[in-house]
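Visitor: My questions will all concern the structure given below.
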Amino acid sequence: MRNQKLTFIFLLLNTFLVLSQTSIPSELMNKPRTEELYRTNDSNVKNMTVSETNFLKNETYTNKWIYNYSNDSIINGRLFKNEELKSIFEYIIDDNKEIIESKVVFYHNSLINDILHIKYKITDSSKTLTFINDNLNIVSKMIVEIDSLKSPTKITSVRNGEIQAIETADYNYKSNTYNYKVYNYSNEIVLNKLEYYNYNFIIDKNDFGDIVKMIWPLSKNKSITIFEYKYDKNNNWIKRIKKIIENDKEITTTIVKRNIIYKN
């Protein structure tokens, strides 16, 4: 039921934000950064193939990423779902391996479905997503304001110099909740509800700095997620099993394997 509620929120955001590349719930959900599969502990990687098998209640499917590290700052790749091409992408990363620019061509039934070009500017107090068209002109922006605890407090969507939508979050870190509001282009509230966010979501990390146990950031009942890893001689993980604890039982939800080819 909780997943259904989150799905409804994201659909609502897609309707009113026009640009659905980020939202306050998605920013919070991605804070563990466990889905940044391109990240490694060194810059000696030539290419990497990642397979991610997801075990759902009613289906099992596999995503596959092929990453080619052109140099220390450019990653080119492709994404497949069950062997069907879903996107071709290029990431430009900085010295901290943060993505500062992305170009993605999306495919559906082997045909180009959409093209997305975004530049990112990240500071201690904000993150700006600038959307660019084929002529390299700015189409729109999303400005994410961040508090001292690195949580998003406000997202403003701007197109052609006009505000299209605003999201706000007022946090109560003691109760692990936040008041979440969404405003449309007329500054009318279209969503106003209390949501859950576990700020101290990390329970334990291993000696490599990878999360091995955490609370799902958006869970009301503090549901636990466990990660098990296998590493290569370069201390990069090459297999990761993700499990959730449900009714005192560990249930495997995802298995990720990374085949890493080094330059030398």
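Residues in the sequence shown are numbered consecutively from 86, following the working numbering.
Using N, Cα and C, we set each Cβ at its ideal position, and we do this for glycine too.
#1: Which term fits residue 101, buried or exposed, when burial requires 16 or more other beta carbons within 10 angstroms of its beta carbon?
#2: Looking at the structure shown, is residue 111 part of a helix, part of a strand, or coil, going by DSSP?
#3: What are the partner residues of residue 325, as DSSP defines its beta bridges?
#4: Looking at chain D, is there any beta carbon in it that lies within less than 8 Å of the beta carbon of residue 158?
#5: Am I right that residue 149 and residue 134 are in contact with their C-beta atoms under 8 Å? What's the rounded C-beta distance?
#6: Per the DSSP calculation, residue 154 is bridged to which residue(s)?
#7: May I ask which residues mark the beginning and end of the beta strand (DSSP E) holding residue 273?
#8: Taking the straight line between their C-alpha atoms, what separation do you get for residue 232 and residue 298?
#9: Can you name the start and end residues of the beta strand (DSSP E) that residue 216 belongs to?
#10: Exposed or buried, residue 282, counting other C-beta atoms within 10 Å across all chains shown (16 or more means buried)?
#11: From what residue to what residue does the beta strand (DSSP E) around residue 241 run?
#12: Taking DSSP's pairing of strands, which residues face residue 225 in a bridge?
#13: Leaving aside the five residues before and after residue 313 along the sequence, list all residues of the same chain whose C-beta is less than 6 Å from its C-beta, in chain order.
#14: Among all the DSSP beta bridges, which residues are the ones paired with residue 134?
#15: Below 7 Å CB to CB, which residues in the same chain sit around residue 146 once its five sequence neighbours on both sides are set aside?
#16: Quick one, which of 342, 189 and 349 has its alpha-carbon nearest residue 136's?
#17: Once DSSP output is grouped into helix, strand and coil, what is the label at residue 293?
#18: In the structure shown, what three-state DSSP assignment does residue 255 receive?
#19: Is it buried or exposed, residue 286, if we count other Cβ atoms within 10 angstroms and call 16 or more buried?
#20: Does DSSP put residue 284 in a helix, in a strand, or in coil?
#21: Rounded C-beta distance between residue 280 and residue 262? I'm assuming under 8 Å.
#22: Between the Cα of residue 248 and the Cα atoms of 267, 301, 189 and 175, which residue gives the shortest distance?
#23: Of the choices 174, 334, 121 and 235, whose alpha-carbon is the least far from that of residue 322?
Guide: Looking at the atomic coordinates:
#1: Note on residue 101: pLDDT 35, under 50, position unreliable in the model; no value is reported.
#2: helix
#3: 314 and 341
#4: In summary, chain D is missing from the structure at hand, where a single protein chain is found.
#5: 7 Å
#6: 160
#7: No beta strand (DSSP E) holds residue 273; DSSP gives it neither H nor E.
#8: 25 Å
#9: 211-217
#10: buried
#11: 237-244
#12: 216 and 244
#13: 326
#14: 151 and 344
#15: 139, 166 and 167
#16: 342
#17: coil
#18: strand
#19: buried
#20: coil
#21: 7 Å
#22: 267
#23: 121
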